[in-house]
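Residue numbers (my numbering): 120 to 384.
Following: one structure in structure tokens, then a few remarks.
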Amino acid sequence: MITNKNLIITVLMTGWLAVSCNQSKEENPTPDNNYMQLATLWYQQSAECRALYYQAYEVARFRLDEALKIPSKEKKAVVVDIDETVLDNSPYQAWCILTGKNYPEGWAEWTSKAEAKALPGAGEFLNYAASKGVEVFYITNRKTNEMEATIKNLQKEGFPMADTLHVIPRTDVSNKESRRQRVAQNHKIVLLAGDNLNDFAEFWEKQSPLARQAITDSLKAEFGRRFIILPNPMYGDWENALYEYKYGLMPAQKDSIRRKFLKGF
Ligand SMILES: [Mg+2]
């Protein structure tokens, strides 16, 4: 039998529980990574994603052949990014969804395994370039302490020139421009491949989504020619740009920003 006294206690307890649950939610926000499910599934399971990689690297081979016909005193080079350009880290993304963890949690553990698989067409293209006397440089924002495992991973997957001379990690800034320029001092960079526009040039660095689109439009002649872009719907500066490059936002804040950017009718 529920007495008035019991009812009051129950109401008070329920209220307290509700308040304490809300408090702990705000103090210890649980990352809600479910929003990444579809993008990660597309990347891992769609044949369309594989086809896009094959298509991109086929265009790259065609453009490389064209570039090789043009004589140059300098040695020719191809510059590629690593993550989601030549190596597939989608198992790390899936792990983040399944465990509710967020980058950089678990990232060092994942790269130290050296188990990322080569993306479709990447190995064939880079080995083709190497066979034509072109030097291959991997400019990555993986850090120096990840290099040993990264080189091991690239070698295991059959990539050419996977050594400390050709794999150039991030030492200070994430901006890759100074590293590209270092390669360009002694080489003619005939082609660049990446899943992030910042893998090609620094025009897009820290720009808004609208500005990134406008810059891309102004450089449209480069794509499918010197710039070979690969698909990455899972993460990237396209997403960071939505959040104005603020990395400490709460999941609820990020969710409302994403909704704000959706264009309905
Ligand atoms: Mg990348």
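All residues carry an ideal CB built from backbone N, CA and C; glycine is no exception.
Using a cutoff of 7 Å, the CB of Asp200 counts as near ligand 1, since one of the ligand's heavy atoms is closer than that. Distance from the Cα of Ile347 is smallest, within the candidate group Gln326, Ala268, Glu177, for Glu177.
Residue state for Glu265 is assigned as helix, using DSSP reduced to three classes.
For Phe346, there is no enclosing alpha helix (DSSP H); the enclosing beta strand (DSSP E) covers residues 346 to 348. For Ala166, the uninterrupted alpha helix (DSSP H) segment begins and ends at 166 to 187. Between ligand 1 and the CB of Gly313, the shortest heavy atom gap is smaller than 7 Å. Fully contained in the stretch 317 to 348 are the following alpha helix (DSSP H) runs of length 4 or more, in chain order: 328 to 337. In this structure, the alpha-carbon of Ile189 lies about 47 Å from that of Tyr154.
Within the same chain, Ala312, Gly313, Asp314, Leu349 come within 6 Å of Thr204 by CB-CB distance, once the 5 residues on both sides are set aside. Residue burial is scored here from C-beta neighbours: Val197 has at least 16 other C-beta atoms within 10 angstroms and is therefore classed as buried.
Taking a 10 Å sphere around the C-beta of Met353, we find 16 or more other C-beta atoms and assign the residue as buried. Not one heavy atom of ligand 1 is found less than 7 Å from the C-beta of Thr159. Ligand 1 never approaches Glu265 closely enough for any of its heavy atoms to be under 7 Å from the residue's Cβ.
One Cα belongs to Leu316, the other to Leu329, and the distance between them is close to 14 Å.
For Glu203, the shortest C-beta to heavy atom distance toward ligand 1 is below 7 Å. Within the same chain, Tyr211 come within 6 Å of Trp229 by CB-CB distance, once the 5 residues on both sides are set aside.
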